[in-house]
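Numbering (my numbering), first residue to last: 134 to 497. The next block holds one structure in the form of structure tokens; read it before the comments.
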């Protein structure tokens, strides 16, 4: 029996993870797939309870679990805290302790929502991009980092450092994912001006040549050109592989293609465990109003079944059910046109669960 840790977190996190629990409870009760889940406090909610964004007790639960499903983290209430005590620090610690090194962010445009994007529908048609971002190295973790006064001037430094093993392991992740998709990887770098990015390009090429060249197409693009091409020809991309910094930027650009952050799931994976969470934040301005879009959280649940439990059929069932609900014209406020009748978070979750019940015999 698979073990799942549920961390609702802050803001709308509790509302959107509630919809995931409806699905888990149904699958446990009505199918042959069995899961055991526990809940814990995380982020700001944990700070309010014990003074830390990630308690030792919750970390132990995470280590004992096969996967973690997270709602959202952070909010204005905790912004004035020291850097090491902020809610987001709990997520960084959790990623480190669970050994996750690759961030996976699908950017699929649902045909029913093509008009919600800032791009023309004919440009978007067929767009289904999957960003694989290196998560634990690069400029965000380079040492020594500092901000100080040198010769009476303010100076700051954040080194951009990678070793070949860090690059190779995330490259393998990207190539393996592409094998289940359209078998094309586009690796982003700035090899024309940065030695560390030349190493990135060299190692990605070596991994491709040694293990995947007969099955997967590899394309290299400079990050500035890639940022332009993702807007110009998004449907030609399959899997995008990028460093921590470049992946952070390009994945938000891909997010804009979909028309709403409320639609985007993500995963942080490693050799064993995974953390699954919607891309959207805690949205404190709408927390408690039951108007949040739960689709990204439910899609994150689907990713958990696919990448942690190898249950592609359940993942496909969830994706199909969401598509059917959207095709029927149902919308939450963030993806609705002015003339649309909007659903609450609970109502959208109930409709998706209803479609899962209706369609499950075709998948599992």
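Just so you know, even glycine gets a beta-carbon here, dropped at the ideal spot from N, CA and C.
Residue 226 and residue 187 have their alpha carbons spaced roughly 8 angstroms apart. Counting along the chain, no beta strand (DSSP E) covers residue 291, and no H or E run does either.
Beta-bridge partners of residue 401 (DSSP): 236 and 408. Here residue 221 has 206 and 207 as same chain residues with Cβ atoms under 7 angstroms from its own Cβ, once five neighbours each way along the sequence are excluded. Of all alpha-carbon atoms in 233, 467 and 373, the one lying nearest the alpha-carbon of residue 419 is that of 467. DSSP, read as helix, strand or coil, puts residue 283 in strand. Here the alpha carbon of residue 190 sits roughly 39 angstroms from the alpha carbon of residue 261.
For residue 454, the enclosing alpha helix (DSSP H) stretches over residues 445-460. CA-to-CA, the gap between residue 365 and residue 193 works out to about 46 angstroms. Per DSSP, residue 216 lies in no beta strand (DSSP E) segment and is marked neither H nor E.
Remark: C-beta atoms of residue 410 and residue 393 do not approach each other more closely than 8 angstroms.
Annotation: residue 496 is outside any alpha helix (DSSP H) and is labelled neither H nor E by DSSP. Under the rule that a run must span 3 or more residues, the beta strand (DSSP E) segments found entirely inside the segment 160-184 read 168-172. With 16 or more other CB atoms across the displayed protein chains lying within 10 angstroms of its CB, residue 152 is buried. Ranking 282, 204, 203 and 211 by CA distance to the CA of residue 182 puts 211 first. The Cβ neighbour count for residue 209, taken over all protein chains shown within 10 Å, is under 16; the residue is labelled exposed. At a cut-off of 4 residues, the continuous stretches assigned as alpha helix (DSSP H) that sit fully inside the segment 327-389 are 328-340 and 356-365. With distances taken between CA atoms, residue 457 lies nearest to 485 out of 485, 437, 397 and 446.
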